[in-house]
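Structure first, then comments.
Residue numbers (mature numbering (1 follows the signal peptide of the UniProt record, and there is no 0)): -16 to -1, 1 to 294.
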């Protein structure tokens, strides 16, 4: 929740513009402004019936479109936020390799999680066919960003998505998947490089993990994954991680460690969040699940030494 609150604050800051659909076909480019807001017709008043609106977001180059909904209240006949067939709704689409792919359909009164495009384009389609004096419609903040919504670390411009964490700059901190705590973008690879002083090691505590996939997290199962390595290349000591996992800990063998996040072009998850600490004392390499109630159906993929709590 703290990460989402910070995200809302950052998106609402700086120069911005508000777009309220009139004729309902709106094109928003990053040339006109890097952030702003969009809303349903008449917001915050009820939207008129038979409203069909399309919002097109178009960035440039490495820019990604990030959307954070701040208000969401659409008409539904049965109060079921998951049954969108007969309800007013918003459909989100990303554009990849010349084709449009649906992310999800949202309806009812539950505020959707933040969204991020896979490239420089994203679109919303709003269908407000029924309306009611009791519904307010929606409002969302948008930003065109090149940092993938990742806070912490120093962005590496030679990577499409890369971040460096040095012990000389910070002895501890946190990092997360792109757009956390929202849905991570499809077809995206991010590298997180941790560099300590000689003799140091890096300890990681993953407090949240939801990466779409099934063991052993290979391409044949269309799995997204997180990969660990003591080197810049693949490390056979670690298996790939995917699925919904309980809290776990990882420790490097030496003063360098690489974490790689990779998503394909099919499904979406909410990613991961982890803390890190550069340690000066020696310790054995450990991957250790921690008791938690956050993910009761956890499945883990672990190689190397394992230490389970008593």
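Just so you know, even glycine gets a beta-carbon here, dropped at the ideal spot from N, CA and C. Values in this document were obtained by computation on a predicted structure and should not be read as measured data.
Query, Result
"Closest by C-alpha distance to residue 223, when choosing among 200, 232, 206, 205", "200"
"Three CB pairs or more closer than 8 Å across the segment 68 to 82 and the segment 172 to 179", "no"
"Buried versus exposed call for residue 216 [16 or more other C-beta atoms within 10 Å across all chains shown]", "exposed"
"Secondary structure of residue 270, DSSP reduced to three states", "Bear in mind that the predicted position of residue 270 carries a pLDDT of just 47, short of 50, making it unreliable; the figure below should be weighed with that in mind. In this structure, residue 270 counts as coil in the three-state DSSP scheme."
"Segment contact flag, the segment 31 to 51 with the segment 93 to 108, C-beta cutoff 8 Å, min 3 pairs", "yes"
"Alpha-carbon spacing of residue 192 relative to residue 115, whole angstroms", "38 Å"
"Nonlocal neighbours in the same chain, by C-beta distance under 7 Å from residue 197, ignoring five residues either side", "205, 207, 208, 209, 226, 227"
"Pairwise C-alpha distance: residue 252 and residue 167", "6 Å"
"Of the listed residues 156, 140, 78, nearest to residue 43 (C-alpha basis)", "78"
"Three or more C-beta pairs below 8 Å linking the segment 14 to 26 and the segment 82 to 97", "no"
"Residue span of the beta strand (DSSP E) that contains residue 179, given as start and end", "173 to 179"
"Residue nearest to residue 113 in terms of C-alpha spacing, selected from 247, 248, 31, 262", "31"
"Three-way DSSP call (helix, strand, coil) for residue 205 in this model", "helix"
"CA-to-CA distance, residue 256 to residue 8, given in whole angstroms", "36 Å"
"Continuous beta strand (DSSP E) assignments of at least 3 residues falling wholly in the segment 59 to 110", "73 to 80, 83 to 91"
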